[in-house]
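Inspection log for the structure reproduced underneath, given as structure tokens.
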Amino acid sequence: MNHLIKLTFFTIVFIFIGCENIFNDESDPLTEQNIFILCEGNFGQSNASLWMLNPEKENITGPIYQNQTGQPLGDIGQSMAIVDDRLFVVNNNSHSLEEFSLGGDRVTHVRKIDLPGASPRYMAVYKNKGYITAWNVNGIIVMNLNNYTIEDTIPVNGLPEMILFHDNYLYTSIIMKPDWTADNRVMKIYYDGTIAKSFEVVQGPGQMVIQENKLFVASTYYGSDWRTNAGNSVIDLNTEKVEANDLGQTNDFGSDLIAFNQTVYRSFKGGIAPLNPNLTIDANRMIGHLGSTYSAAAFGEYIYLSETDFTAPDTVYVYDLSGLLIQNYQVGAIPGSFVLFIKEID
């Protein structure tokens, strides 16, 4: 392919081998069920942090990177991706990836991968290649995860946000146009980078989740008066039909979508609530009673919600599927994303 139009940002990819637990060799042990929490930190303060918990235990581990290196994790911890026994943290304003090994009996930082000036957002993996959305590239960086070389860049003429793979296709939400005004596209792309189709959804598409071969999309955008608007869309991946509901001006919706119990939920007010068939929210079935929900996730039998005042410490709350509060944990500033790693313990 000839998609290397933006690779002037990435002619050199810097890779640093991390220090392995030089500060505390016993601080970050893995258990059978490991929930990683990435705290964004405050813009420009390089105070992102990584934490780990088992919802069936009271203690929490972290900040992991600082424990091992004595250094801050980065500036704006945006997202995470797990590939087999490797954890990748995407740092947006540090323009980097941090890789951790999960193959032993504890979490170990192994390397930093710099993407100078890229503004990376989210990462998905297919056939040992990382597909990384990057705002300053207006495209998707394709990285070989064996040797960490950048093999390609897929241009999307906008700022790509969330990214996932399904049935050999890549789907990415284009949250803004190159001039930073709201976009309204979700793009379907072959894994080789060829554009297959573009879908029009509610403006400002971000988080996405697939349920029963339907792609649900959460949107947030600003109107001409700079007030927040929200909406939901769904793409039937069999028929490629799009349904969209722009809910207009509202501050009630968060950005996260969660699929569990054959239902799609969106973060809403102080918890999460299921979407109705017409893509409105069923507020009567809300789980969680926080002041406001900053981020949300669900794995197995537990739901995870975070609340922030944008200053550390902040709090993560764990609920069971009935909505009963099970645990709460203090973490760093602005807990924004969660991933699960299951490990077999002898």
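According to our numbering, the sequence shown holds residues 3 to 348 in order. The beta carbon of each residue, even a glycine, is placed where N, CA and C say it ideally should be. If you're wondering where the values come from, they're calculated on a predicted model, not measured in any experiment.
Neighbour-count burial assignment, residue i, 16 or more Cβ in a 10 Å radius
i: E28; result: Here the model assigns E28 a pLDDT of 48, short of 50, so the residue's position is not dependable, and the following value carries that caveat. E28 is exposed by the Cβ-count criterion.
i: A285; result: exposed
i: A300; result: buried
i: D316; result: buried
i: P162; result: buried
i: Q251; result: exposed
i: N26; result: For N26, the predicted structure reports a pLDDT of 46, less than 50, and the residue's modelled location is therefore unreliable. A value from the coordinates is still provided. It counts as exposed.
i: G76; result: buried
i: I66; result: buried
i: Q332; result: exposed
i: L117; result: buried
i: R2; result: The chain is shown only over 3 to 348; residue 2 falls outside these bounds and no answer can be derived.
i: L6; result: Note that L6 has pLDDT 38, beneath the 50 cutoff, so the model's placement of it is unreliable and the number below is only indicative. With fewer than 16 Cβ atoms within 10 Å of its Cβ, L6 is classed as exposed.
i: N215; result: exposed
i: G195; result: buried
i: T241; result: exposed
i: L281; result: buried
i: R40; result: Reading off the sequence shown, one finds Leu at residue 40, where the question assumed Arg. Per the 10 Å Cβ criterion, buried.
i: N49; result: buried
i: C225; result: Residue identity check: residue 225 is Gly in the sequence provided, not Cys. The residue is exposed, with fewer than 16 neighbouring Cβ atoms inside 10 Å.
Contacts around residue i, its chain only, beta-carbon distance under 6 Å, and the 5 residues preceding and following it disregarded
i: I237; result: F201, L217, V244
i: Q80; result: V92, N94, R123
i: V204; result: S221, G233, S235, A246, D248
i: Y223; result: A184, Q205, G206, N231
i: A126; result: Y133, I165, L166, F167
i: F102; result: L89, V109, H111
i: L147; result: N130, G132
i: M145; result: G132, I152
i: R187; result: I176, S200
i: N23; result: Note that N23 scores 39 on pLDDT, short of 50, meaning its location in the model is unreliable and no value can be drawn from it.
i: D87; result: L104, G105
i: Y128; result: F167, Y193
9 Å Cβ cutoff met for residue i and residue j
i: Y296; j: G338; result: yes
i: I274; j: E34; result: no
i: L99; j: I115; result: yes
i: L172; j: I143; result: no
i: L239; j: D169; result: yes
i: I37; j: Y306; result: yes
i: F343; j: I156; result: no
i: F262; j: M82; result: no
i: E60; j: Q264; result: no
i: K345; j: L104; result: yes
i: G46; j: M54; result: no
Cβ separation of residue i and residue j, assumed to be a contact under 8 Å, to the nearest whole Å
i: G325; j: G293; result: Not really, about 17 Å apart at Cβ, beyond 8 Å.
i: S308; j: V318; result: 5 Å
i: A335; j: A314; result: 4 Å
Neighbourhood of residue i by C-beta, 8 Å cutoff - its chain only, sequence neighbours within 5 removed
i: D107; result: P31, L32
i: V266; result: V211, Q213, F218, L259, I260, P276, L277
i: Y192; result: N170, Y171, L172, A198
i: E58; result: Q35
i: F255; result: A220, T222, A232, L249, R268, S269, F270, I283
i: Q73; result: Y67
i: N56; result: T33, E34, Q35, N36, I37
i: W182; result: L161
Nonlocal neighbours in the same chain, by C-beta distance under 7 Å from residue i, ignoring five residues either side
i: H291; result: G272, G273
i: N413; result: In the structure as shown, the chain starts at 3 and stops at 348, and residue 413 therefore has no counterpart that could be examined.
i: S121; result: N94, H97, A136, W137, N138
i: G302; result: none
i: M178; result: G160, L161, A184, D185
i: S257; result: G208, Q209, A220, T222, S269
i: R287; result: A275, P276
i: L327; result: Y319, Y321
i: I289; result: G273, I274, I305, Y321, G325
i: D312; result: Here the sequence assigns Phe to residue 312, which means Asp is not the residue at that position. Excluding sequence neighbours, F312 sits near N44, A335, I336.
Exercise for the section: Return the chain-ordered ranges of every beta strand (DSSP E) run that is complete within the region 254-284 and spans a minimum of 3 residues. Expected result: 255-262, 265-270, 273-276
Problem - Contiguous alpha helix (DSSP H) assignments of at least 4 residues, all confined to the region 84-152 - result: none
Problem - Residue ranges of each alpha helix (DSSP H) within the region 173-249, 4 or longer - result: none
Practice task
Just list the beta strand (DSSP E) runs in the region 30-76, keeping only unbroken ones of 3 residues or longer that don't cross its boundaries, in chain order.
Solution key: 35-41, 51-55
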